[in-house]
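Single-structure report; data block below.
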Amino acid sequence: MKVVLFCGGLGTRIREYSESVPKPMIPVGHQPILWHVMNYYSQYGHRDFVLCLGYKANVVKEFFLNYKPQAYADCVVSRFGSKVELLSEIKDDWRVSLIDTGIWRNIGQRLWAVREHVADEEMFLANYSDGLTDLNLDEAVDAFKKSGKVGCFVAIRPPLTYHLADIDTDGRVREFRSSDRSDIWINGGYFIFRKGIFDFMRPGEELVLEPFRRLIEADQLMAYKHEGFWRSMDTLKDRQILEDMVEQGK
Numbered sequence: 002m003k004v005v006l007f008c009g010g011l012g013t014r015i016r017e018y019s020e021s022v023p024k025p026m027i028p029v030g031h032q033p034i035l036w037h038v039m040n041y042y043s044q045y046g047h048r049d050f051v052l053c054l055g056y057k058a059n060v061v062k063e064f065f066l067n068y069k070p071q072a073y074a075d076c077v078v079s080r081f082g083s084k085v086e087l088l089s090e091i092k093d094d095w096r097v098s099l100i101d102t103g104i105w106r107n108i109g110q111r112l113w114a115v116r117e118h119v120a121d122e123e124m125f126l127a128n129y130s131d132g133l134t135d136l137n138l139d140e141a142v143d144a145f146k147k148s149g150k151v152g153c154f155v156a157i158r159p160p161l162t163y164h165l166a167d168i169d170t171d172g173r174v175r176e177f178r179s180s181d182r183s184d185i186w187i188n189g190g191y192f193i194f195r196k197g198i199f200d201f202m203r204p205g206e207e208l209v210l211e212p213f214r215r216l217i218e219a220d221q222l223m224a225y226k227h228e229g230f231w232r233s234m235d236t237l238k239d240r241q242i243l244e245d246m247v248e249q250g251k
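The sequence shown begins at 2 in the numbering used here and counts up one residue at a time.
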């Protein structure tokens, strides 16, 4: 299946870093987080990507146009760099469509702009490009296929450190509980769509607002609950947590 990746946002919540590079190109370890997301899909056999570019699109294009696997892999260099022998197999055999969808567009507009690139796909995947997970993608896709629905999003528990209060109308506190004991689920930014999704969209609309409302009304939207690891990179603290995981080999 093709994978649509939304790479055009301004990254305002991590602006301290994304002033110089677009958010998907912020490194986690030696590679941009975008590379980690693409590698995740690649492990499940999905290697045909459609990148919806916007803010600093040239930075993303230059990464792929000038990509040198030897910069990230073990290698032997001889003849003063003219000969490079890789010591490990390079598995990043990707087909990447780099589509500039504009700077000031929302996610729905970006998906609408690349609809012709997935027109021949019965189903396709989509992602915000700023979150990592250990979700079993094959199981999620299989559940979606069996559902017969048009759209699916991966639901995760918010990684909050707050204590949630259960309070009566008169102010009496019934319970305090941590977020992992709550029944709160949020959109994790991993999507599976049938091509019929575009029948529920209108130009200019945000993806998870009006189109998802129409899907819900038509009983064509499902949530796939994931209890395992998920972490988005919204802030510098989030990036540091992912960096620490890389350093610890996790």
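C-beta atoms are modelled at their ideal positions from N, C-alpha and C, and glycine is treated no differently.
The model shown is predicted, which means the values in this text are computed figures rather than measured ones.
Practice task
Pair every Cβ in the region 163–172 with every Cβ in the region 191–205, then say whether three or more of these pairs are closer than 8 Å.
Solution key: no
Exercise for the section: Compute the beta-carbon to beta-carbon distance between valine 38 and asparagine 128, rounded to the nearest angstrom, for a pair I have assumed lies under 8 Å. Expected result: Working through the sequence shown from its first residue, we reach residue 38 at position 37. Working through the sequence shown from its first residue, we reach residue 128 at position 127. Right, their Cβ atoms sit about 6 Å apart.
Handout entry: Nearest residue (CA-CA) to tyrosine 45, options Ser83, Pro28, Asp239, Asp139
Key = Indexing the sequence shown from 1 puts residue 45 at position 44. The candidate whose alpha carbon is nearest that of tyrosine 45 is Asp139.
Exercise for the section: Give every residue of the same chain whose Cβ lies closer than 8 Å to the Cβ of tryptophan 95, excluding the five residues on either side of it in the sequence, and list them in chain order. Expected result: By one-based count along the sequence shown, residue 95 stands at place 94. Cβ neighbours of tryptophan 95 beyond the five flanking positions: Met39, Ser43, Arg48, Asp49, Phe50.
Problem - Same chain only: Cβ atoms within 6 Å of tryptophan 186, ignoring 5 sequence neighbours per side - result: Within the sequence shown, numbered from 1, the residue matching residue 186 stands at position 185. Correct list, in chain order: Ala156.
Exercise for the section: Note the first and the last residue of the continuous alpha helix (DSSP H) segment covering histidine 47. Expected result: Taking the sequence shown and counting its residues from 1, the one referred to as residue 47 is at position 46. That residue, histidine 47, is in no alpha helix (DSSP H); it is neither H nor E in DSSP.
Problem - Residue of Leu88, Glu206, Cys153, Met2 minimising C-alpha distance to methionine 124 - result: Locating residue 124 in the sequence shown gives position 123, where the first residue counts as 1. Among Leu88, Glu206, Cys153, Met2, the Cα nearest to that of methionine 124 is on Met2.
Handout entry: CB contact flag (serine 130, phenylalanine 7, <8 Å)
Key = The residue labelled residue 130 in the question sits at position 129 within the sequence shown. The residue labelled residue 7 in the question sits at position 6 within the sequence shown. Yes.
Problem - Beta-carbon separation (whole angstroms), leucine 208 vs leucine 112, contact threshold 8 Å - result: Walking along the sequence shown from the start, residue 208 turns up at place 207. Walking along the sequence shown from the start, residue 112 turns up at place 111. Yes, leucine 208 and leucine 112 are in contact; Cβ-Cβ is about 6 Å, under 8 Å.
Practice task
Would you mind working out which of Glu228, Val4, Leu216, Ala58 sits nearest tryptophan 105, comparing C-alpha positions?
Solution key: Within the sequence shown, residue 105 is the residue found at index 104, counting from 1. Comparing Cα-Cα distances from tryptophan 105 to each of Glu228, Val4, Leu216, Ala58, the minimum goes to Ala58.
Practice task
Give the straight-line distance between the Cα atoms of glutamate 228 and glycine 250, rounded to the nearest whole angstrom.
Solution key: Locating residue 228 in the sequence shown gives position 227, where the first residue counts as 1. Locating residue 250 in the sequence shown gives position 249, where the first residue counts as 1. Near 21 Å, if we compare the C-alpha coordinates of glycine 250 and glutamate 228.
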